[in-house]
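Worksheet for the structure shown next.
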Amino acid sequence: MSAKNTIIGLGMAALGRPEYINVNSAATENKSEETFKQNAFKVLDEAYRRGILYFDTAPSYGKGEAFLTEWNNSRNNKDVFFGTKWGYTYVANWILGYEGKHEIKEHSLAKLEEQWEISKVLLPKLTYYQIHSATLESGVLSNIEVLEKLAEIKQNYGVKIGLTTSGTQQQTVIEEALKIKINNTELFDSFQVTYNILEQSTHAVLEDVKTANKTIIVKEALANGRVFRNKNYPEYQPLYTTLEQLATKYNVGIDAVALRFCMDNLQPNIVLSGASTIFHLEENLKANTFSLSEEELQSLKTYQIKSAKYWDERSQLAWH
(Lines of atoms letter the chains of each structure in order from A; the text may use other names.)
(Lines give C-alpha, C1' and ligand atoms only; values in the text may rest on other atoms or scores of the structure.)
Protein backbone atom coordinates (compact mmCIF):
# COMPACT_ATOMS: atom_id res chain seq x y z
CA MET A 23 0.00 0.00 0.00
CA SER A 24 1.31 3.45 -0.87
CA ALA A 25 0.46 6.66 0.87
CA LYS A 26 -1.56 7.86 -2.11
CA ASN A 27 -4.14 5.21 -1.14
CA THR A 28 -4.70 6.80 2.28
CA ILE A 29 -7.99 8.65 2.38
CA ILE A 30 -9.12 11.30 4.84
CA GLY A 31 -12.31 10.50 6.73
CA LEU A 32 -14.32 12.62 9.14
CA GLY A 33 -14.66 11.74 12.81
CA MET A 34 -17.74 13.14 14.55
CA ALA A 35 -16.61 13.45 18.17
CA ALA A 36 -16.51 17.25 17.99
CA LEU A 37 -19.64 17.54 15.82
CA GLY A 38 -22.02 15.54 17.98
CA ARG A 39 -21.51 16.93 21.48
CA PRO A 40 -20.84 20.40 22.89
CA GLU A 41 -17.57 19.60 24.69
CA TYR A 42 -14.55 17.52 23.74
CA ILE A 43 -11.07 16.78 25.10
CA ASN A 44 -8.64 19.28 23.59
CA VAL A 45 -5.97 21.86 24.35
CA ASN A 46 -8.11 24.80 23.27
CA SER A 47 -11.80 25.48 23.73
CA ALA A 48 -14.04 25.67 20.68
CA ALA A 49 -15.03 29.09 19.38
CA THR A 50 -18.72 28.25 19.10
CA GLU A 51 -20.72 30.65 21.27
CA ASN A 52 -24.14 29.03 20.86
CA LYS A 53 -23.86 25.41 21.93
CA SER A 54 -27.51 24.47 21.69
CA GLU A 55 -28.34 21.08 20.24
CA GLU A 56 -30.10 22.65 17.23
CA THR A 57 -27.09 24.85 16.49
CA PHE A 58 -24.80 21.82 16.64
CA LYS A 59 -27.10 19.88 14.33
CA GLN A 60 -27.13 22.67 11.75
CA ASN A 61 -23.34 22.95 11.92
CA ALA A 62 -22.89 19.17 11.69
CA PHE A 63 -25.02 19.04 8.54
CA LYS A 64 -23.06 21.90 6.97
CA VAL A 65 -19.73 20.22 7.72
CA LEU A 66 -20.99 16.82 6.53
CA ASP A 67 -22.26 18.35 3.29
CA GLU A 68 -18.99 20.16 2.67
CA ALA A 69 -16.96 17.07 3.52
CA TYR A 70 -18.91 15.01 1.00
CA ARG A 71 -18.65 17.76 -1.61
CA ARG A 72 -14.88 17.73 -1.16
CA GLY A 73 -14.62 13.98 -1.61
CA ILE A 74 -14.80 12.59 1.92
CA LEU A 75 -16.74 9.32 1.90
CA TYR A 76 -15.94 7.76 5.30
CA PHE A 77 -17.65 9.07 8.45
CA ASP A 78 -16.83 7.73 11.92
CA THR A 79 -19.10 8.13 14.95
CA ALA A 80 -20.12 6.51 18.25
CA PRO A 81 -22.95 6.53 20.81
CA SER A 82 -20.68 8.45 23.19
CA TYR A 83 -20.35 11.29 20.66
CA GLY A 84 -23.57 12.80 21.98
CA LYS A 85 -25.87 13.12 18.98
CA GLY A 86 -23.20 11.88 16.57
CA GLU A 87 -25.07 8.77 15.43
CA ALA A 88 -28.41 10.57 15.28
CA PHE A 89 -27.00 13.47 13.26
CA LEU A 90 -25.24 11.12 10.83
CA THR A 91 -28.36 8.98 10.42
CA GLU A 92 -30.62 11.95 9.71
CA TRP A 93 -28.09 13.52 7.37
CA ASN A 94 -27.64 10.27 5.47
CA ASN A 95 -31.38 9.65 5.16
CA SER A 96 -32.00 13.17 3.86
CA ARG A 97 -29.09 13.20 1.39
CA ASN A 98 -29.06 9.56 0.25
CA ASN A 99 -25.49 9.68 -1.05
CA LYS A 100 -24.82 6.26 -2.57
CA ASP A 101 -21.05 6.06 -2.07
CA VAL A 102 -20.58 6.94 1.62
CA PHE A 103 -19.62 4.39 4.26
CA PHE A 104 -19.66 4.59 8.02
CA GLY A 105 -18.04 3.31 11.17
CA THR A 106 -19.46 3.37 14.67
CA LYS A 107 -18.57 1.86 18.01
CA TRP A 108 -20.03 0.36 21.15
CA GLY A 109 -18.91 0.34 24.76
CA TYR A 110 -19.23 3.95 25.93
CA THR A 111 -22.38 5.81 26.93
CA TYR A 112 -22.60 9.60 26.80
CA VAL A 113 -23.96 10.82 30.14
CA ALA A 114 -23.21 14.57 30.19
CA ASN A 115 -26.62 15.16 28.56
CA TRP A 116 -25.51 18.37 26.86
CA ILE A 117 -24.74 20.04 30.21
CA LEU A 118 -21.94 22.57 29.60
CA GLY A 119 -19.17 22.38 32.18
CA TYR A 120 -20.38 18.97 33.30
CA GLU A 121 -18.15 18.04 36.24
CA GLY A 122 -18.44 14.26 36.22
CA LYS A 123 -17.29 11.80 33.60
CA HIS A 124 -18.82 12.73 30.26
CA GLU A 125 -18.90 9.11 29.11
CA ILE A 126 -19.09 5.80 30.94
CA LYS A 127 -17.30 2.71 29.67
CA GLU A 128 -18.93 -0.71 29.79
CA HIS A 129 -17.83 -3.64 27.64
CA SER A 130 -20.58 -6.06 28.67
CA LEU A 131 -22.74 -8.24 26.44
CA ALA A 132 -25.79 -6.27 27.61
CA LYS A 133 -24.23 -2.96 26.52
CA LEU A 134 -23.24 -4.44 23.15
CA GLU A 135 -26.76 -5.71 22.53
CA GLU A 136 -28.31 -2.42 23.68
CA GLN A 137 -26.14 -0.21 21.50
CA TRP A 138 -26.21 -2.49 18.46
CA GLU A 139 -30.00 -2.24 18.34
CA ILE A 140 -29.63 1.53 17.92
CA SER A 141 -26.48 1.60 15.79
CA LYS A 142 -27.73 -0.85 13.18
CA VAL A 143 -30.00 1.88 11.82
CA LEU A 144 -26.83 3.00 9.99
CA LEU A 145 -27.02 -0.13 7.83
CA PRO A 146 -26.42 -0.72 4.95
CA LYS A 147 -23.81 2.10 4.95
CA LEU A 148 -22.34 0.77 8.21
CA THR A 149 -19.02 -0.85 7.29
CA TYR A 150 -16.99 -0.93 10.53
CA TYR A 151 -18.48 -1.88 13.90
CA GLN A 152 -15.83 -1.32 16.54
CA ILE A 153 -15.21 -1.96 20.22
CA HIS A 154 -14.73 1.53 21.63
CA SER A 155 -11.33 1.78 23.35
CA ALA A 156 -10.64 -1.90 23.89
CA THR A 157 -8.30 -2.54 26.81
CA LEU A 158 -6.95 -5.57 28.62
CA GLU A 159 -8.47 -4.23 31.86
CA SER A 160 -12.03 -4.24 30.53
CA GLY A 161 -11.74 -7.95 29.74
CA VAL A 162 -13.52 -7.50 26.42
CA LEU A 163 -10.97 -9.49 24.44
CA SER A 164 -11.48 -12.54 26.66
CA ASN A 165 -15.27 -12.26 27.01
CA ILE A 166 -16.38 -15.15 24.82
CA GLU A 167 -20.05 -14.10 24.90
CA VAL A 168 -19.17 -10.66 23.55
CA LEU A 169 -16.78 -12.07 20.95
CA GLU A 170 -19.35 -14.59 19.74
CA LYS A 171 -22.01 -11.86 19.50
CA LEU A 172 -19.64 -9.74 17.40
CA ALA A 173 -18.98 -12.73 15.15
CA GLU A 174 -22.73 -13.21 14.82
CA ILE A 175 -23.21 -9.56 13.84
CA LYS A 176 -20.39 -9.89 11.34
CA GLN A 177 -21.93 -12.97 9.74
CA ASN A 178 -25.54 -11.80 9.75
CA TYR A 179 -25.07 -8.20 8.67
CA GLY A 180 -21.87 -8.27 6.60
CA VAL A 181 -20.09 -5.60 8.66
CA LYS A 182 -16.40 -5.62 9.45
CA ILE A 183 -15.59 -5.97 13.14
CA GLY A 184 -12.96 -3.66 14.54
CA LEU A 185 -11.68 -2.03 17.68
CA THR A 186 -10.25 1.29 18.71
CA THR A 187 -7.31 1.70 21.06
CA SER A 188 -6.09 4.32 23.50
CA GLY A 189 -3.51 4.34 26.28
CA THR A 190 -0.10 2.86 26.85
CA GLN A 191 -1.14 -0.70 25.95
CA GLN A 192 -2.30 -0.03 22.41
CA GLN A 193 0.33 -2.36 20.96
CA THR A 194 -0.48 -5.25 23.31
CA VAL A 195 -4.22 -4.90 22.67
CA ILE A 196 -3.68 -5.08 18.91
CA GLU A 197 -1.38 -8.08 19.26
CA GLU A 198 -3.97 -9.92 21.34
CA ALA A 199 -6.82 -9.02 19.01
CA LEU A 200 -4.95 -10.34 15.99
CA LYS A 201 -4.93 -13.80 17.61
CA ILE A 202 -8.67 -14.03 18.21
CA LYS A 203 -10.63 -16.47 16.10
CA ILE A 204 -14.29 -17.47 16.38
CA ASN A 205 -15.22 -20.69 14.58
CA ASN A 206 -11.73 -20.73 13.06
CA THR A 207 -12.28 -17.30 11.51
CA GLU A 208 -10.30 -14.22 12.50
CA LEU A 209 -12.71 -11.84 14.21
CA PHE A 210 -11.11 -8.43 13.77
CA ASP A 211 -10.92 -6.72 10.40
CA SER A 212 -10.04 -3.15 11.39
CA PHE A 213 -7.93 -1.31 13.93
CA GLN A 214 -8.47 2.36 14.80
CA VAL A 215 -5.45 3.67 16.67
CA THR A 216 -4.11 6.85 18.20
CA TYR A 217 -1.08 7.62 16.05
CA ASN A 218 0.68 10.94 15.51
CA ILE A 219 4.07 12.63 15.61
CA LEU A 220 4.25 12.38 19.39
CA GLU A 221 2.71 8.89 19.77
CA GLN A 222 4.24 6.35 17.37
CA SER A 223 4.40 3.34 19.70
CA THR A 224 2.13 1.16 17.55
CA HIS A 225 4.10 1.52 14.33
CA ALA A 226 5.71 -1.94 14.33
CA VAL A 227 2.54 -3.88 15.14
CA LEU A 228 0.60 -1.87 12.57
CA GLU A 229 3.02 -3.09 9.92
CA ASP A 230 1.85 -6.59 10.91
CA VAL A 231 -1.76 -5.42 10.60
CA LYS A 232 -1.05 -4.22 7.07
CA THR A 233 0.65 -7.50 6.20
CA ALA A 234 -2.51 -9.29 7.38
CA ASN A 235 -4.48 -7.10 4.93
CA LYS A 236 -6.61 -5.50 7.64
CA THR A 237 -7.83 -1.91 7.76
CA ILE A 238 -5.94 0.75 9.72
CA ILE A 239 -7.76 3.92 10.76
CA VAL A 240 -5.76 6.70 12.45
CA LYS A 241 -7.43 8.94 15.04
CA GLU A 242 -6.10 11.91 17.01
CA ALA A 243 -3.51 12.73 14.34
CA LEU A 244 -3.23 16.23 15.83
CA ALA A 245 -2.57 14.90 19.34
CA ASN A 246 -5.62 16.75 20.69
CA GLY A 247 -4.07 20.03 19.61
CA ARG A 248 -0.63 19.48 21.09
CA VAL A 249 1.04 19.77 17.66
CA PHE A 250 0.24 23.51 17.68
CA ARG A 251 2.66 25.89 19.37
CA ASN A 252 1.81 26.11 23.05
CA LYS A 253 3.79 27.77 25.83
CA ASN A 254 2.63 25.07 28.25
CA TYR A 255 4.84 22.53 26.47
CA PRO A 256 8.31 24.10 26.38
CA GLU A 257 9.92 20.75 25.53
CA TYR A 258 8.03 20.72 22.20
CA GLN A 259 9.38 24.05 20.97
CA PRO A 260 11.88 22.41 18.55
CA LEU A 261 8.98 20.36 17.10
CA TYR A 262 6.88 23.49 16.70
CA THR A 263 9.69 25.19 14.82
CA THR A 264 10.08 22.24 12.47
CA LEU A 265 6.33 22.02 11.84
CA GLU A 266 6.09 25.74 11.15
CA GLN A 267 8.99 25.54 8.66
CA LEU A 268 7.28 22.68 6.82
CA ALA A 269 3.94 24.47 6.86
CA THR A 270 5.56 27.51 5.28
CA LYS A 271 7.35 25.38 2.69
CA TYR A 272 4.17 23.63 1.54
CA ASN A 273 1.87 26.64 2.08
CA VAL A 274 -0.42 24.72 4.43
CA GLY A 275 -1.26 24.75 8.13
CA ILE A 276 0.36 22.79 10.94
CA ASP A 277 -2.65 20.49 10.93
CA ALA A 278 -2.06 19.44 7.32
CA VAL A 279 1.60 18.65 8.06
CA ALA A 280 0.61 16.52 11.07
CA LEU A 281 -1.99 14.63 9.02
CA ARG A 282 0.46 14.18 6.16
CA PHE A 283 3.02 12.70 8.54
CA CYS A 284 0.56 9.93 9.43
CA MET A 285 -0.30 9.38 5.78
CA ASP A 286 3.30 9.15 4.59
CA ASN A 287 4.99 7.53 7.59
CA LEU A 288 2.40 4.84 8.37
CA GLN A 289 0.41 4.69 5.13
CA PRO A 290 -2.87 3.66 6.79
CA ASN A 291 -6.14 3.15 4.94
CA ILE A 292 -7.88 6.11 6.58
CA VAL A 293 -6.77 9.14 8.61
CA LEU A 294 -9.55 10.91 10.47
CA SER A 295 -10.08 14.63 10.46
CA GLY A 296 -11.73 15.80 13.66
CA ALA A 297 -12.85 19.07 12.11
CA SER A 298 -15.78 20.82 13.76
CA THR A 299 -16.04 23.68 11.24
CA ILE A 300 -15.84 24.02 7.48
CA PHE A 301 -12.70 26.13 7.84
CA HIS A 302 -10.90 23.43 9.83
CA LEU A 303 -12.06 20.82 7.33
CA GLU A 304 -10.66 22.83 4.44
CA GLU A 305 -7.36 23.25 6.26
CA ASN A 306 -7.17 19.52 7.08
CA LEU A 307 -7.81 18.54 3.47
CA LYS A 308 -4.75 20.48 2.36
CA ALA A 309 -2.88 17.37 3.53
CA ASN A 310 -3.86 15.94 0.14
CA THR A 311 -1.89 18.61 -1.75
CA PHE A 312 1.70 17.54 -0.95
CA SER A 313 3.91 14.72 0.31
CA LEU A 314 6.74 14.82 2.83
CA SER A 315 10.21 13.78 1.76
CA GLU A 316 11.97 10.88 3.42
CA GLU A 317 14.33 13.33 5.11
CA GLU A 318 11.40 15.34 6.47
CA LEU A 319 9.70 12.18 7.74
CA GLN A 320 12.87 11.08 9.50
CA SER A 321 13.14 14.49 11.14
CA LEU A 322 9.54 14.38 12.40
CA LYS A 323 9.93 10.81 13.65
CA THR A 324 12.60 11.97 16.10
CA TYR A 325 9.99 13.97 18.04
CA GLN A 326 8.09 10.95 19.31
CA ILE A 327 7.85 10.71 23.08
CA LYS A 328 7.41 7.82 25.48
CA SER A 329 3.90 6.46 25.43
CA ALA A 330 3.48 6.89 29.19
CA LYS A 331 4.31 10.59 28.95
CA TYR A 332 1.95 11.06 26.00
CA TRP A 333 -1.03 9.51 27.77
CA ASP A 334 -0.27 11.23 31.06
CA GLU A 335 -0.36 14.59 29.27
CA ARG A 336 -3.57 13.65 27.49
CA SER A 337 -5.23 12.69 30.77
CA GLN A 338 -4.66 16.24 32.02
CA LEU A 339 -6.45 17.89 29.11
CA ALA A 340 -9.80 19.46 29.91
CA TRP A 341 -13.20 19.04 28.26
CA HIS A 342 -14.04 22.29 26.41
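Going by my numbering, the letters in the sequence shown line up with residues 23 to 342, in that order.
Positions of the beta carbon are idealized from the N, C-alpha and C atoms, including for glycine.
- Contact between residue 277 and residue 305 is confirmed by a C-beta separation of about 6 angstroms, below the 8 angstroms threshold.
- When rounded, the separation of the alpha-carbon atoms in residue 273 and residue 267 is 10 angstroms.
- With respect to residue 150, residue 180 sits apart: the two C-beta atoms are not nearer than 7 angstroms.
- Around the beta carbon of residue 318, 16 or more other beta carbons sit within 10 angstroms, so the residue counts as buried.
- Taking 7 angstroms as the cut-off, the beta carbon of residue 112 is found closer than this to the beta carbon of residue 84.
- Measuring C-alpha to C-alpha distances from residue 291 to each of 323, 309, 237 identifies 237 as the nearest.
- Per DSSP, reduced to three states, the secondary structure at residue 316 is helical.
- Just measuring C-alpha positions, the residue of 35, 205, 329, 244 sitting nearest residue 177 is 205.
- DSSP lists no bridge partner for residue 274.
- Around the CB of residue 166, fewer than 16 other CB atoms lie within 10 Å, so the residue is classed as exposed.
- Remark: C-beta atoms of residue 125 and residue 96 do not approach each other more closely than 7 angstroms.
- By the 16-neighbour rule on beta-carbons within 10 angstroms, residue 60 is exposed.
- Following the DSSP letters along the chain, one finds residue 232 in no beta strand (DSSP E) but inside the alpha helix (DSSP H) bounded by residues 225–233.
- Note: residue 203 is bridge-paired with 208 in the DSSP secondary-structure output.
- For residue 128, the secondary structure class from DSSP, reduced to helix, strand or coil, is coil.
- According to DSSP, residue pairing for residue 111 in a beta bridge involves 126.
- Counting C-beta pairs closer than 8 angstroms gives fewer than three between the segment 251–263 and the segment 194–212, which falls short of the contact rule.
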